[in-house]
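Numbering (mature numbering (1 follows the signal peptide of the UniProt record, and there is no 0)) for the sequence shown: -24 to -1, 1 to 147. Below you'll find the structure, written out as structure tokens, and then a few comments.
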Amino acid sequence: MAPWLERQIKVYMLMVLLCAGAWTSAVTPANSTLAKFEQWMARHGRIYKDNLEKPKRYGIFLETLRFIEDFNSKAANHSYKVGLNQFSDLTTEEFVPRYTGFRATSRSSNSSAATTFKYSMTQVPDSLNWVEKGVVGSIKNQGGCGERVTKSYYIIVQRHIIFWYCVIYYV
């Protein structure tokens, strides 16, 4: 075989090996994030309704994962770290109305809120722990907002009455 042909074959083989190495390193993170997404789906019991929903949720999951990695890489600036949870495939726009009960309403520019503020010169404490006073319970995961509406309304009214009683009595 001619030396120039042998050298040309070696150059082509080197290029093929370099391309294969680059392709493998480019594919591996996607496969690992896809595997992580599949594990997350299994852990949280996620089953999507059709083939269009899963890629959409995977994209949101990847954005959440990037946020987590970016936030935790700057952990020296924070006293805590963030991680994946059962909400990692939801956008903020989906999460807020579903789990907080918040429904945004548009306000006209002519509407005015009450601007009067009445106060007294009474000395108030710097802080109050309403849990210790028995006014509110400890924090719990309540699931979806619509699951326990009647009980929630009952508790809200009860706590509201107790709260105002405590404000008048203790403060």
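Ideal placement from N, C-alpha and C gives every residue a C-beta, glycine not left out. These numbers come from a predicted model, not from an experiment.
**Request:** Report buried or exposed for V100, applying the criterion of at least 16 other Cβ atoms within 10 angstroms of its Cβ.
**Result:** Numbered from its first residue, the sequence shown carries residue 100 at position 124. Exposed, because fewer than 16 other Cβ atoms sit within 10 Å of the Cβ of V100.
**Prompt:** Would you say T68 and L41 are within 8 angstroms of each other, going by their C-beta atoms?
**Reply:** Here residue 68 refers to the residue found at position 92 of the sequence shown. Here residue 41 refers to the residue found at position 65 of the sequence shown. Judged by beta-carbon spacing, L41 lies beyond the 8 angstroms limit of T68, meaning their Cβ atoms are not closer than that value.
**Asked** Exposed or buried, S64, counting other C-beta atoms within 10 Å across all chains shown (16 or more means buried)?
**Response** Taking the first residue of the sequence shown as 1, we reach residue 64 at position 88. Here S64 is buried: its Cβ has 16 or more other Cβ atoms, across all protein chains shown, within 10 Å.
**Asked** How many Å lie between I23 and R74 at the Cα?
**Response** The residue you call residue 23 lines up with position 47 of the sequence shown. The residue you call residue 74 lines up with position 98 of the sequence shown. Each residue's Cα considered, the two are about 18 angstroms apart.
**Other residues of its chain near G110: CB distance less than 8 angstroms, five sequence neighbours each side excluded** = Residue numbering aside, residue 110 sits at position 134 when the sequence shown is read from its first letter. Here the set comprises I138.
**Request:** Determine the extent of the alpha helix (DSSP H) in which K60 is found, giving its start and end residues.
**Result:** Here residue 60 corresponds to residue number 84 of the sequence shown, with the count starting at 1. It should be noted that the sequence gives Leu, not Lys, for residue 60. Counting along the chain, L60 falls outside any alpha helix (DSSP H), and DSSP gives it neither H nor E.
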